[in-house]
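Mapping to UniProt numbering: the sequence shown position 411 is 411, numbers consecutive.
Okay, structure first, notes after.
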Amino acid sequence: MMSTITSVLKKGALAFTGPQLYGSRRNRLTAFVNYKKGIVEGIGDSGVYWTHWTLSTAKMFSPLIAAGLIRGTIPFNVVASGKICVSLMLLAASFYVLRFIGRVNSPAYISFLNDLSEALQPNRPAVKHRMQLYDYDFSHHPVEYKWKDEFQAPICDRNTGKILLRGRKALLFLGEKIKPREAVVSTSETPLSPSPIADTVSWLLANTVGIYMLYPGTIPFMYRMVKDNLDMGRRKMLEELGGSRFKLETKRGSLLDCMFLDRRNSLEATNANTLVVTCEGNAGFYEIGVAYVPLGEGYSVLAWNHPGFGHSSGMPWPEEEQAAIDVVMQFALSNGFKEENIVILAWSIGAYPATWAAIHYPNIKGLFLDATFDDLLPLALTLFPSGLNDIVERTVRNYMNLNIADQLDCYSGPVTIVRRNRDEILSTNKDSMSSQLASIRTNDLIVSFLRHRYPLIFDDVFAELLRGWLSFTPVDRVINFPDLEASNEGFSVTDFSDSAKMSKISESAHKRIAYFLFTSHVIDADLTHCSPLPREVFKLPEPL
1 MMSTITSVLK KGALAFTGPQ LYGSRRNRLT AFVNYKKGIV EGIGDSGVYW THWTLSTAKM
61 FSPLIAAGLI RGTIPFNVVA SGKICVSLML LAASFYVLRF IGRVNSPAYI SFLNDLSEAL
121 QPNRPAVKHR MQLYDYDFSH HPVEYKWKDE FQAPICDRNT GKILLRGRKA LLFLGEKIKP
181 REAVVSTSET PLSPSPIADT VSWLLANTVG IYMLYPGTIP FMYRMVKDNL DMGRRKMLEE
241 LGGSRFKLET KRGSLLDCMF LDRRNSLEAT NANTLVVTCE GNAGFYEIGV AYVPLGEGYS
301 VLAWNHPGFG HSSGMPWPEE EQAAIDVVMQ FALSNGFKEE NIVILAWSIG AYPATWAAIH
361 YPNIKGLFLD ATFDDLLPLA LTLFPSGLND IVERTVRNYM NLNIADQLDC YSGPVTIVRR
421 NRDEILSTNK DSMSSQLASI RTNDLIVSFL RHRYPLIFDD VFAELLRGWL SFTPVDRVIN
481 FPDLEASNEG FSVTDFSDSA KMSKISESAH KRIAYFLFTS HVIDADLTHC SPLPREVFKL
541 PEPL
């Protein structure tokens, strides 16, 4: 009797606070049929959405609201404000009640609710598999994989790439060991002097406006604008491409919405034994993102949404991003893919978790970094008046320190970097087309990477020559540098680190080697920042 009552109460709670249902299908070979809400449920759903949107917007603009209240520009009356708050709370509660009434009177939703309730119980793999027949809000989907670890993070010196401290090793799963975690330390950063007021302001900015500016994909209104496209993209992956949706839990407790397209059993997918893990940009979602590029080339793909994006929980702070890509990589390994058969494809800000993963999974097949940057701070400084530089620097360094170049320096495997020649987002000088091209922060990442990996080749003189090459498109580069020729001069990669051998080469041979290394790692693409990456541009990074 008690178990029956408990079951009814749990299902009632799910109906009250549970996920939206978008569609269902009879089996994995059939298409989804859209779920049709009743009028009452539809009104309740809309009201609940706008309630969440209002709260998120209020949080985002809370510093401005607080400043207005303090200065008196926003009138405030305790009694009147109290009445308004109570009225809004009652209105929000009524929306939840309406949605509950609509759901319990919908046979389709009740059927979904019964399956979901069973799937949330432990040790019910068959029912969890049945949940793949539903397309729904992932908030209540059972967790299918959790991050595992048992040791402390070691430290990596970005100048040498050496691990300074190692922690205890632990088993990830049978036969596979976790790689040591590393915190990348940049010795070039100037320590910020302590300032309680400035530190407080930077914390407030980071936790309100800042994180939403950096990752607009977390803004509820933006998600609402693209939701229909996301639903269509997800359905396409599930119906046409044989994808499976999974929920992963990170070590920090965030829940990730992932799409796994394992094509190893497909006769049509010629590259299926290689898994491409994708990392989206700051407004990108896997449903409509870069995953379609490797899918079009026949690779297996594991795509995921940043914390706070779509149906993933949490917020995309640097530590959350690290934890997210960590559990994604563990999930890939637990499904039988070896590190040597995994490539990470990252677009824009997605290079931060990608380069972090490359440090901790150093045997991966390679990194493909598209339209990304070296460091967030130079880009952030261009968005605000110079008088706010101190606050901006504190905010970035303390809470959003996306030091991609520093992390890339700690990885020694194959790397390909795509520089988009018309990238208007990563440029810090838009006075002219030439200045925009020369100031794209991808250039700085390329220079940093090549100087660190090949210090004997890209010394100060050739680093300046490299910046000259990057100031032109491939066509103009040939015109302005008519003697350009790429050649390894018969040397191996290890020879490029041999000071005795490199000291004997001529200046012309030095230039040919430098251009050979440049063209081996860098692809010029005549694209803007948000243009879709053409399939022909995507090539697996190859060891030299």
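The beta carbon of each residue, even a glycine, is placed where N, CA and C say it ideally should be.
- request: Name the two residues that bound the continuous beta strand (DSSP E) containing Gly366.
  value: Gly366 to Asp370
- prompt: Less than 7 Å separating the beta-carbons of Asp231 and Tyr22?
  reply: yes
task: Compute the beta-carbon to beta-carbon distance between His306 and Tyr215, rounded to the nearest angstrom, for a pair I have assumed lies under 8 Å.
output: Indeed they touch by this definition, with Cβ atoms about 7 Å apart.
- prompt: Mind checking Val276: buried by the 16 CB within 10 Å criterion, or exposed?
  reply: buried
For Asp406 and Thr208, the rounded distance between their alpha carbons: 27 Å
- prompt: Which residues share a DSSP beta bridge with Ile417?
  reply: Ile417 pairs with Leu369 and Val522.
Same chain, Cβ closer than 6 Å to Glu239, neighbours up to 5 away in sequence not counted: Ala31
field: DSSP three-state assignment for Met400, whether helix, strand or coil
entry: coil
query: Can you name, in chain order, every residue of its own chain whose Cβ lies under 8 Å from the Cβ of Glu249, other than the five neighbours on each side?
result: Val143, Tyr145, Lys146, Trp147, Leu255, Leu256 and Val327
query: Just reading off the beta strand (DSSP E) that Tyr136 is part of, what are its end residues?
result: Note, Tyr136: beta strand (DSSP E), Tyr134 to Tyr136.
- request: Inspect the beta-carbon positions of Leu544 and Ser520 and report whether they are closer than 7 Å.
  value: At the C-beta level, Leu544 and Ser520 come within 7 Å of one another.
Backbone CA spacing between Leu437 and Leu456 [nearest angstrom]: 27 Å
task: Give me the Cα-Cα distance between Gly167 and Gly210, rounded to the nearest whole angstrom.
output: Any reading at Gly167 needs caution, since the residue's pLDDT is 41, under 50, leaving its predicted position unreliable; the model's value is listed next. Roughly 34 Å separates the two Cα atoms.
Distance, Phe138 Cα to Val461 Cα: 54 Å
When Gly253, Ala332 and Ala119 are compared against Ala323, the one with the closest alpha-carbon: The shortest CA-to-CA distance from Ala323 to any of Gly253, Ala332 and Ala119 is the one to Gly253.
message: As an exercise, report each continuous alpha helix (DSSP H) stretch of at least 4 residues that is fully enclosed by the UniProt domain "AB hydrolase-1" (276-408), in chain order.
response: 292-296, 318-334, 351-360, 376-381, 389-399 and 404-408
Burial state of Ile344 (16 or more Cβ within 10 Å): buried
message: With a threshold of 8 Å on Cβ separation, who are the neighbours of Ala58 within its own chain once the five nearest residues in sequence on each side are excluded?
response: In the same chain as Ala58, and ignoring 5 residues on each side of it, the C-beta atoms closer than 8 Å to its own belong to Ile65, in chain order.
- prompt: Smallest Cα separation from Ser427: which of Asn389, Val104 and Leu379?
  reply: Leu379
- request: Let me know the secondary structure DSSP gives Thr274 once reduced to three states.
  value: strand
Nearest-angstrom beta carbon gap, Thr51 and Ala108 [assumed within contact, 8 Å]: Rounded, the Cβ-Cβ distance is 24 Å, inconsistent with contact.
Burial state of Leu383 (16 or more Cβ within 10 Å): exposed
task: Output the residue ranges of the alpha helix (DSSP H) runs that lie fully inside the region 15-75 and measure 4 residues or longer, sorted by chain position.
output: 39-60 and 62-71
task: Using 10 angstroms around the beta-carbon of Ile325, count the other beta-carbons present and answer buried if the total reaches 16, otherwise exposed.
output: buried
task: Starting from the N-terminal side, write out each stretch of the beta strand (DSSP E) that is 3 residues or longer and does not extend beyond the region 424-491.
output: Fully enclosed beta strand (DSSP E) runs of no fewer than 3 residues are not present anywhere in the region 424-491.
task: Answer yes or no: does any C-beta atom of chain D fall closer than 7 Å to that of Trp304?
output: No chain D is present in this structure, which holds just one protein chain.
query: So, helix, strand or coil for Val537, using DSSP?
result: helix
- prompt: How should Gly314 be labelled, buried or exposed, when 16 other C-beta atoms within 10 angstroms of its C-beta is the threshold for buried?
  reply: buried
Straight-line Cα distance separating Glu536 from His529: 17 Å
Glu280 and Gly350 closer than 7 Å at C-beta: Yes, the Cβ-Cβ distance between Glu280 and Gly350 is below 7 Å.
task: Drop a sphere of 10 angstroms on the beta-carbon of Ile84, count the other beta-carbons inside from all chains shown, and report buried for 16 or more, exposed for fewer.
output: An exposed status is given to Ile84, since fewer than 16 other beta-carbon atoms sit within 10 Å of its beta-carbon.
- request: With DSSP as the reference, label Thr528 as helix, strand or coil.
  value: In this structure, Thr528 counts as coil in the three-state DSSP scheme.
- request: Classify Gly387 as buried or exposed, calling it buried when 16 or more other Cβ atoms lie within 10 Å of its own Cβ.
  value: Per the 10 Å Cβ criterion, exposed.
- prompt: Whose C-alpha, out of Pro316, Val447, Leu267 and Ile43, is nearest the C-alpha of Asp374?
  reply: Val447
field: Ser497 versus Glu542 - alpha carbon distance
entry: Their backbone Cα atoms lie some 19 Å apart in a straight line.
query: When the distance is taken between beta carbons, is Leu302 closer than 7 Å to residue 616?
result: Residue 616 is absent from the structure shown; the chain starts at 1 and stops at 544.
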